[in-house]
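Notes for the one structure printed next.
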Amino acid sequence: MVGCLRHKNLVQLQCCEGTELVLTDVYSFGVVVLEVGTGRKPFEDDRTVVVDYVWNLWEKKKLIEAADPRLMGKFDALEMGRMLMLGLLCVHPDYEKRPRVRDAARILKGEAPLPSLPASKPRVRIRPVLPNDTEKILNVVGDRPNIDDAPYLTHRIQFN
């Protein structure tokens with residue numbers, strides 16, 4: 005059962021000490037953290053994505069409602085909140101805002117402070133793999149006035 009899994013076991017499951025992983029790996033770590041905290045699959049049958057589900061509750065200031073209902077409220081609310089916030093930090097749409105896996109593990113274990121999260125899920129743009137003239141077609145930007153102000157979802161070197 006999810007409630008039996010200790011935080012440090014999750015950290016040991018997801019990262020090896022002394023190993024630096026790419027920031028996209030910390031995204032996967034964040035998804036696992038959110039799965040454990042919520043008891044949900046990454047993609048539910050009703051097409052709910054766990055990342056979006058938790059961001060939505062965060063925006064409504066109801067993050068603790070994301071906790072796995074099978075725990076029936078038998079958990080430390082501060083620890084659960086910290087875990088879910090760390091999960092959101094790891095899946096931050098702007099890859100530059102994500103922590104390193106080592107830092108995420110320290111945060112989860114309570115050895116490092118949890119950085120603050122934005123009040124709502126930030127909008128980003130997807131770096132095109134096609135020629136430069138198609139970039140404006142592929143940009144995904146919320147209500148930003150200037151498309152160039154939006155950060156990229158991934159680092160440029162992943163496509164070169």
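Counting along the sequence shown from 1, when you hit position 74 you're at 78 in my numbering, and nothing is skipped either side.
Backbone N, C-alpha and C define an ideal beta-carbon position, used for all residues, glycine too.
Can you tell which of the options has its C-alpha closest to the C-alpha of residue i?
{"i": "Val128", "options": "Lys113, Val105, Pro117, Glu100", "result": "Glu100"}
{"i": "Leu61", "options": "Glu48, Phe79, Lys78, Leu92", "result": "Leu92"}
{"i": "Pro119", "options": "Pro97, Met89, Gly34", "result": "Met89"}
{"i": "Val166", "options": "Pro122, Leu121, Asp107", "result": "Residue 166 lies beyond the stretch modelled for the chain, which goes from 5 to 164, so this question has no answer here."}
Can you give the Cα-Cα distance for residue i and residue j, rounded to whole angstroms?
{"i": "Val95", "j": "Arg44", "result": "16 Å"}
{"i": "Arg104", "j": "Val37", "result": "14 Å"}
{"i": "Phe79", "j": "Pro73", "result": "11 Å"}
{"i": "Leu82", "j": "Gly114", "result": "11 Å"}
{"i": "Leu25", "j": "Lys65", "result": "For Leu25, the predicted structure reports a pLDDT of 45, less than 50, and the residue's modelled location is therefore unreliable. A value from the coordinates is still provided. Computed Cα separation, rounded: 31 Å."}
{"i": "Arg51", "j": "Tyr57", "result": "10 Å"}
{"i": "Ser32", "j": "Arg102", "result": "11 Å"}
{"i": "Gly77", "j": "Leu121", "result": "24 Å"}
Is the distance from the Cβ of residue i to the Cβ of residue j below 8 Å?
{"i": "Val54", "j": "Glu39", "result": "yes"}
{"i": "Gly85", "j": "Leu67", "result": "yes"}
{"i": "Gly34", "j": "Ala71", "result": "no"}
From the DSSP secondary-structure annotation, give me the bridge partner or partners of residue i.
{"i": "Phe79", "result": "DSSP, once it has assigned bridges, lists no residue as partnering Phe79."}
{"i": "Val30", "result": "DSSP lists no partner for Val30."}
{"i": "Val53", "result": "Phe47"}
In its own chain, which residues sit with a C-beta less than 6 Å from the C-beta of residue i, not counting the 5 before and 5 after it?
{"i": "Arg110", "result": "Ala116"}
{"i": "Pro46", "result": "Val35, Val54"}
Quick one: what's got a C-beta closer than 8 Å to residue i's C-beta in the same chain, skipping five residues either side?
{"i": "Met87", "result": "His11, Val37, Val40, Gly41, Leu112"}
{"i": "Glu63", "result": "Ala123, Ser124, Lys125"}
{"i": "Asp49", "result": "none"}
{"i": "Cys20", "result": "Its pLDDT being 45, under 50, Cys20 is placed unreliably in this model, and the value from its coordinates should be taken loosely. Excluding sequence neighbours, Cys20 sits near nothing in its chain."}
In chain order, what residues of the same chain have a beta carbon less than 7 Å from the beta carbon of residue i, not counting five sequence neighbours either side?
{"i": "Trp59", "result": "Leu92, Lys125"}
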